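To keep things clear, I will list the structure first and then write my remarks on it.
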Amino acid sequence: MNVLGVSAYYHDSAAALVCDGRLVAASQEERFSRVKHDARFPARAFRACLEQGGVEAAALDAVCFYEKPLLHLERAIETALAVAPRGRAAFARGLSRWLGDRLRFERELRSLGFSGRVLFAGHHESHAASAFFASPFPEAAVLTVDGVGEWSTVGIWTGSGGRVTPVCEQRFPHSLGLLYSTMTAYLGFEVNEGEYKVMGLSPYGTPRYSERLLEHVLHLCEDGSLSLNMEHFAFLEGDTRMWSPRWEELLGVPPRTPGAELRREHADLAASVQDVTERVVSRLAEHAAELTGLRHLCLAGGVALNSVAAGKLATSGRFSGVFVQPAAGDAGGAVGAAFVGYHHALLQPRVEPVTEGMRSASLGPSFDDATCLAALRANDLEGEQLGASLPRRVAELLNAGEVVGWLSGPMEFGPRALGHRSILADPRSPDMRERVNLKVKFREGFRPFAPIVMASRVSEWFEWSGPSPYMSFVVPTRGFDAIKQGEPEWLRSVRHGPLPAVTHVDGSARVQTASAADPAELHAVLVEFERLTGVPVLLNTSFNVGGEPIVCSPDDACRSFLASGLDALVLEGWLVRRPADRPPTRQPPPARPRPPDLRATARRGLRSAALLALTCGVLLLIGRGRWALVPALSCVALVFSARFAPGALAKLEDRVHAWAARAGGASAFAAAWLLHLLLLTPVGRLRRRRGKDPLGLGTKRDAESYFVPVPATDLEDPYDRMY
Numbered sequence: 003m004n005v006l007g008v009s010a011y012y013h014d015s016a017a018a019l020v021c022d023g024r025l026v027a028a029s030q031e032e033r034f035s036r037v038k039h040d041a042r043f044p045a046r047a048f049r050a051c052l053e054q055g056g057v058e059a060a061a062l063d064a065v066c067f068y069e070k071p072l073l074h075l076e077r078a079i080e081t082a083l084a085v086a087p088r089g090r091a092a093f094a095r096g097l098s099r100w101l102g103d104r105l106r107f108e109r110e111l112r113s114l115g116f117s118g119r120v121l122f123a124g125h126h127e128s129h130a131a132s133a134f135f136a137s138p139f140p141e142a143a144v145l146t147v148d149g150v151g152e153w154s155t156v157g158i159w160t161g162s163g164g165r166v167t168p169v170c171e172q173r174f175p176h177s178l179g180l181l182y183s184t185m186t187a188y189l190g191f192e193v194n195e196g197e198y199k200v201m202g203l204s205p206y207g208t209p210r211y212s213e214r215l216l217e218h219v220l221h222l223c224e225d226g227s228l229s230l231n232m233e234h235f236a237f238l239e240g241d242t243r244m245w246s247p248r249w250e251e252l253l254g255v256p257p258r259t260p261g262a263e264l265r266r267e268h269a270d271l272a273a274s275v276q277d278v279t280e281r282v283v284s285r286l287a288e289h290a291a292e293l294t295g296l297r298h299l300c301l302a303g304g305v306a307l308n309s310v311a312a313g314k315l316a317t318s319g320r321f322s323g324v325f326v327q328p329a330a331g332d333a334g335g336a337v338g339a340a341f342v343g344y345h346h347a348l349l350q351p352r353v354e355p356v357t358e359g360m361r362s363a364s365l366g367p368s369f370d371d372a373t374c375l376a377a378l379r380a381n382d383l384e385g386e387q388l389g390a391s392l393p394r395r396v397a398e399l400l401n402a403g404e405v406v407g408w409l410s411g412p413m414e415f416g417p418r419a420l421g422h423r424s425i426l427a428d429p430r431s432p433d434m435r436e437r438v439n440l441k442v443k444f445r446e447g448f449r450p451f452a453p454i455v456m457a458s459r460v461s462e463w464f465e466w467s468g469p470s471p472y473m474s475f476v477v478p479t480r481g482f483d484a485i486k487q488g489e490p491e492w493l494r495s496v497r498h499g500p501l502p503a504v505t506h507v508d509g510s511a512r513v514q515t516a517s518a519a520d521p522a523e524l525h526a527v528l529v530e531f532e533r534l535t536g537v538p539v540l541l542n543t544s545f546n547v548g549g550e551p552i553v554c555s556p557d558d559a560c561r562s563f564l565a566s567g568l569d570a571l572v573l574e575g576w577l578v579r580r581p582a583d584r585p586p587t588r589q590p591p592p593a594r595p596r597p598p599d600l601r602a603t604a605r606r607g608l609r610s611a612a613l614l615a616l617t618c619g620v621l622l623l624i625g626r627g628r629w630a631l632v633p634a635l636s637c638v639a640l641v642f643s644a645r646f647a648p649g650a651l652a653k654l655e656d657r658v659h660a661w662a663a664r665a666g667g668a669s670a671f672a673a674a675w676l677l678h679l680l681l682l683t684p685v686g687r688l689r690r691r692r693g694k695d696p697l698g699l700g701t702k703r704d705a706e707s708y709f710v711p712v713p714a715t716d717l718e719d720p721y722d723r724m725y
C-alpha cells in the first residue's frame with residue numbers, strides 16, 4: 003500500500019511517501035521553490051516523491067495531512083475569546099489565512115491527479131509516528147515537544163508494533179517551545195529560524211538568568227510539565243514580539259534589534275534559556291520512561307532539534323538508546339502523517355525488520371551526469387570528470403586549505419546536510435570556522451560547524467561511541483582546550499586542540515558519523531583525507547549561502563557556488579574550480595517560480611470556453627443575441643489560447659488568481675475582524691466574568707503536575723475527519 007503524507011501552511015511544508023511500510027521518499031518544498039521555509043502546498047515536493055518512488059498519483063491509497071485543521075481553528079477561537087478585545091487584527095489575519103489554506107487542501111490534491119482517501123492525523127501524533135516508525139526500536143517511549151500542535155505542546159506516547167498510543171499531554175499556552183521562541187525573538191533572531199542560533203550562542207554566556215526565569219516566568223514540576231506566567235508573554239494576542247513589557251522589566255536587558263551587535267548579556271540570556279530547556283527536557287524524558295516502563299526513547303517536535311539537550315539525554319546512561327527524527331520539526335510531520343495513514347488508518351503492520359522503516363535520511367532526488375553537464379553549461383562553468391580519482395583529488399584540495407561544495411547522490415531530508423549537499427573544509431585549521439562563516443556562507447561568525455567522522459574512528463576523536471548518522475547529538479571533543487578572550491573579542495575565543503574548526507567554545511561538537519554505505523562517496527573522501535593527514539574528520543556544513551535553502555539540483559549548486567566564496571565544486575563525478583575572473587556575487591540566487599502545468603491550464607481554459615458557449619446558447623434562445631457577442635469572442639479566444647498559447651493563458655490565469663486572492667483575502671480579513679468585534683469580544687468578556695478559563699491562564703503555580711491524561715475516547719481516531 004502507498005500513503006503520502008503532507009505538511010503545509012505554517013512553515014517548512016513537505017511531502018513524504020511510505021510504500022509497504024518503508025519510507026522511500028521525502029522532500030521539502032523550499033528545496034524546489036528556493037523560498038526558505040516555504041509554507042505553501044508542497045506541489046513540487048509531492049511530484050518529486052511520486053517520481054522517486056515510482057508511483058502514480060492515482061495509485062496512492064491515501065494522502066494524510068499532518069494536523070486536524072478544525073482543532074487548530076478551535077484553538078484560535080478559544081484564544082481569541084480568552085484575550086478579546088485584544089488581538090483582533092491578529093485573529094483576522096490568522097482566520098483569513100486559515101480559510102485560504104486549509105479549506106483548499108483537498109482541491110490542491112485533486113489537481114495533482116489524486117483521487118483516493120484524504121486523511122487527517124493529529125499534529126503531535128504525526129510527530130510521534132515520525133520518530134517511532136523511523137526508529138530501530140521494536141518498542142519505545144516517545145516524547146514530542148514543540149511550540150504547539152492543535153492543542154498539545156508536549157506529548158508522551160508508547161510506541162509498540164504498528165501503533166503509537168498517547169499517554170498524557172500538556173496543553174497550550176504552556177509551552178517550552180514557545181518559551182524558547184520568545185527568547186529567540188527577544189535576542190533579535192527570527193522565530194522558527196533563529197532558535198539554533200540561540201543554541202549556538204549559549205556556550206559563550208553563563209546561565210545567570212536561569213533562576214529568575216524559573217521563579218517568575220515558569221513553574222517547573224518534577225515530571226517536566228510546566229506552567230507559563232502569561233503576564234510575561236504577548237503571543238496570545240498575536241504580537242510578533244511574543245514578550246510583554248514585564249519580560250524586559252524582569253530581565254533588565256533591553257531587547258536586541260535584529261542585526262545589532264551581540265553583547266555578553268545576550269549570550270547570558272541564551273545560556274539561561276538553554277539551561278532551562280535542558281532541565282525541562284531531562285525531566286520530561288525521565289517521566290516518559292517511568293510512565294511507559296521502556297528504556298528506549300524516541301524524540302520529535304521542534305524542540306528535539308536542540309541537539310545539546312538531546313546529546314545530554316543520549317550520554318546520560320538512563321536510556322538503552324535514543325533516536326531523534328532527523329526532520330524533527332514540522333517538515334517531519336509529513337513523514338509522521340504518512341506513517342499514521344499507513345499504520346493507524348489503514349491498519350497495516352510494521353515492517354520487519356523494524357530498521358527498514360527508515361533506512362536513511364537520503365530521501366530526496368538525485369541527478370545524472372547529463373543534468374550536471376547541462377547545469378555547468380547553463381552557468382558558463384567548466385568541469386573535469388574524474389571518476390574513481392575524485393575522492394583523492396578532493397582530499398588534496400581540502401588538505402591544501404580549499405573549501406569545497408559537494409553535491410552527491412540523493413538529497414537529504416531535514417534541516418541538516420548529511421554528506422550529500424554539503425560544504426567541506428579542513429577541521430584542523432584554527433581560522434577555518436571564521437572563514438567559512440564570513441567569507442563563504444556570509445552568516446554570523448559565532449556559529450559553530452559540525453564534524454563528519456568515519457564511524458569506525460569516532461570514539462578516538464569524540465566522547466561518543468556507535469553510529470550518529472543524523473547529526474542529532476552534541477558531545478565533547480577529545481583533547482580540547484580553550485582560552486576565552488576578554489572584551490571586545492569575546493566572540494572569537496581561541497580554540498586549542500586537534501579539531502578547532504569543528505569544536506565549539508565549550509569543547510563540544512555536533513557529530514555525524516559516515517559509513518561505507520551512507521554517505522558512501524563522502525566516506526571515500528574521509529578515507530583519503532586520513533591517508534594524507536592522519537585525521538578521519540572533515541568540517542561539514544549545509545551547502546547554501548545565508549538566506550537560501552540547502553541546494554537541491556546541480557543548477558542550484560552552480561548558482562550557490564558562484565554566489566559564495568567556495569574554491570571548488572563537486573557535482574557527482576565532476577570537479578569544478580572557481581574561475582579567476584568570477585569573484586563571489588555574495589547574493590543568494592533568486593527564488594524559482596513554480597512552472598505552470600500547461601496541460602492543466604489548457605483543460606481549465608477549454609472548460610471555461612464550454613461554459614461561455616453554453617451561456618451564448620442560452621442568450622440566443624431567449625432572444626438576447628446581441629448580449630452573446632462578448633462571451634462568444636471570449637470563448638473563441640480561450641479555445642485558441644488553450645490550443646496554441648497555453649503559456650499566455652497561464653500568465654493571464656496567474657494574474658486573475660492574484661487579484662482574486664487579494665480580493666478574497668481582504669474580504670475574509672474584514673469578515674473575521676467583524677466576527678471578533680461583534681461576537682467574540684462580547685462572548686469572551688461574558689465568559690471571563692463567569693470564571694471560564696479554557697486556556698488555563700489562571701493555573702495555580704504550585705501544582706504537582708500540569709499533564710493531562712488523554713481520554714480513552716480519543717484513542718480510536720476517525721482519520722477521515724478534520725477534527
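Take the position in the sequence shown, starting the count at 1, then add 2; the result is the number in my numbering. Cβ atoms here follow ideal geometry from the backbone N, Cα and C, with glycine treated the same way. In this text, all values refer to a predicted model and were calculated from it rather than measured experimentally.
So, residue 10 versus residue 129, is the Cβ gap smaller than 8 Å?
Cβ distance not < 8 Å, so residue 10 and residue 129 don't count as in contact.
Report the CB separation of residue 330 from residue 306 in whole angstroms; it is logged as a contact under 8 Å.
Yes, residue 330 and residue 306 are in contact; Cβ-Cβ is about 4 Å, under 8 Å.
List in chain order: all unbroken beta strand (DSSP E) runs of 3+ residues lying wholly within the segment 84 to 160.
Entirely contained in the segment 84 to 160, the beta strand (DSSP E) runs reaching 3 residues are, in chain order, 119 to 122 and 141 to 147.
With a floor of 4 residues, list each alpha helix (DSSP H) that falls wholly inside the segment 612 to 646, ordered by position along the chain.
Segments of the alpha helix (DSSP H) lying fully in the segment 612 to 646: 631 to 646.
Helix or strand or just coil, what does DSSP make of residue 439?
Residue 439: helix per DSSP, three-state reduction.
Whole angstroms are fine: how far does the CA of residue 67 sit from the CA of residue 78?
One C-alpha to the other measures close to 19 Å.
Taking the C-alpha atoms as reference points, what is the distance between residue 478 and residue 120?
For residue 478 and residue 120, the distance between alpha carbons rounds to 46 Å.
Report the option in 165, 46 and 91 whose CA atom is closest to the CA atom of residue 110.
Taking only the C-alpha atoms, the option nearest residue 110 is 46.
Measuring only the C-alpha atoms, how far is residue 501 from residue 103?
About 47 Å.
To the nearest angstrom, how far is it from the Cα of residue 43 to the Cα of residue 577?
In a straight line, the C-alpha of residue 43 is about 36 Å away from that of residue 577.
What did DSSP end up calling residue 323 once you bin it into helix, strand or coil?
Of the three classes helix, strand and coil, the one that applies to residue 323 here is strand, per DSSP.
Following the continuous alpha helix (DSSP H) through residue 51, name the residue where it begins and the one where it ends.
Run containing residue 51: 45 to 55, per the alpha helix (DSSP H) assignment.
Does the segment 511 to 521 come close enough to the segment 380 to 397 to have 3 or more Cβ pairs within less than 8 Å?
Not touching, per the Cβ criterion.
Are the CB atoms of residue 315 and residue 296 nearer to each other than 8 Å?
No. Outside cutoff.
Using only CA atoms, which one of 24, 216 and 561 lies nearest to residue 138?
Out of 24, 216 and 561, 24 has the C-alpha closest to the C-alpha of residue 138.
In this structure, how does DSSP classify residue 556 when only helix, strand and coil are distinguished?
Reduced to three states, the DSSP call for residue 556 is helix.
Relative to the alpha-carbon of residue 447, which residue among 439, 336 and 453 has its alpha-carbon at the smallest distance?
For residue 447, the nearest C-alpha among the options comes from 439.
What residue does the alpha helix (DSSP H) around residue 310 start on, and which one ends it?
Unbroken alpha helix (DSSP H) run through residue 310: 309 to 316.
What would DSSP say about residue 292, mapped onto helix, strand or coil?
It is helical.
Residue 579 to residue 374, Cα distance in whole Å?
Approximately 15 Å, taken between the alpha carbons.
Could you check if residue 199 is buried or exposed, using at least 16 other CB atoms within 10 Å of its CB as the buried criterion?
Buried, by the Cβ-count rule.
Measuring straight from C-alpha to C-alpha, what distance separates residue 249 and residue 53?
One C-alpha to the other measures close to 50 Å.
Buried or exposed for residue 215, please, with buried defined as at least 16 other CB atoms from any protein chain shown within 10 angstroms of its CB.
Residue 215 comes out buried.
Using 8 Å as the threshold, is the C-beta distance between residue 531 and residue 424 below it?
No. Outside cutoff.
For the segment 426 to 441 against the segment 537 to 551, do three or more pairs of beta-carbon atoms, one drawn from each stretch, fall closer than 8 Å, so that the two count as touching?
Contact between the segment 426 to 441 and the segment 537 to 551 is present, because at least three Cβ pairs lie under 8 Å.
What is the rounded straight-line gap between the Cα of residue 679 and the Cα of residue 238?
Each residue's Cα considered, the two are about 17 Å apart.
Taking DSSP's pairing of strands, which residues face residue 173 in a bridge?
154.
For residue 703, I'd like the list of residues in its chain whose CB is within less than 8 Å of its CB, leaving aside the five on either flank, ordered along the chain.
Excluding sequence neighbours, residue 703 sits near 221, 229 and 231.
Mapping DSSP to helix, strand and coil, what is residue 587?
In the structure shown, residue 587 sits in coil (DSSP, three-state: anything other than H, G, I, E or B).
Around the Cβ of residue 624, are there at least 16 other Cβ atoms within 10 angstroms (buried) or fewer (exposed)?
Answer is exposed; the Cβ neighbour count stays below 16.
Could you give the residue range of the alpha helix (DSSP H) that holds residue 180?
Segment 178 to 188, the alpha helix (DSSP H) holding residue 180.
Would you kindly check if the distance between the Cβ of residue 553 and the Cβ of residue 562 is under 8 Å?
Against a cut-off of 8 Å, the Cβ pair of residue 553 and residue 562 comes out as a contact.
DSSP has residue 479 in a bridge; who is on the other side?
Answer is 464.
Straight-line CA distance for residue 365 to residue 155?
Using only the alpha carbons, I get a separation of about 28 Å.
Pull up the CB-CB distance for residue 245 and residue 186, whole angstroms please, since I reckon it's below 8 Å.
At roughly 11 Å, the Cβ-Cβ gap does not stay under 8 Å, so residue 245 and residue 186 are not in contact.
Have a look at residue 369 and residue 407 and give me their C-alpha separation to the nearest angstrom.
For residue 369 and residue 407, the distance between alpha carbons rounds to 16 Å.
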